[in-house]
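> Residue numbering for the sequence shown follows numbering that gives the first Met the number 0, beginning at 0 and increasing consecutively.
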Amino acid sequence: MFSIEHDFDATVITLIDEGTPNLQEDVTINAFEDCIVIEQLDPRTELVERITLSIAQLKDLSAALDLPEGVYQRVREKKD
């Protein structure tokens, strides 16, 4: 299950694990204009772990989800 909320400076997506046993903590994704911040509570340390991706890294990740093993480089669009 997931939820989507629109704040004034970000879109916030929360992913809730509803799978089989060994459920993971909720994942919160904050989509800003210039980066994406992914957060998840580590239950062992009770600390929130945070990963920040640039928009270019997010595009690479999105492309990688549909590709086989290998090394790739996205072709950048030319700006006029």
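Ideal Cβ positions, reconstructed from N, Cα and C, are used throughout, including at glycine.
For residue 7, which option in 65, 63, 31 has the closest C-alpha, if you only look at C-alpha atoms?
Of the candidates 65, 63, 31, the one whose C-alpha sits nearest the C-alpha of residue 7 is 31.
> Starting from residue 12, trace the beta strand (DSSP E) in both directions and tell me its first and last residue.
Unbroken beta strand (DSSP E) run through residue 12: 10-14.
> Name the two residues that bound the continuous alpha helix (DSSP H) containing residue 56.
54-63 is the span of the alpha helix (DSSP H), which, as asked, contains residue 56.
> Is DSSP giving residue 51 helix, strand or coil here?
Of the three classes helix, strand and coil, the one that applies to residue 51 here is strand, per DSSP.
> Nearest CA to the CA of residue 57: which residue from 23, 37, 18, 3?
It is 37 whose Cα lies nearest to the Cα of residue 57.
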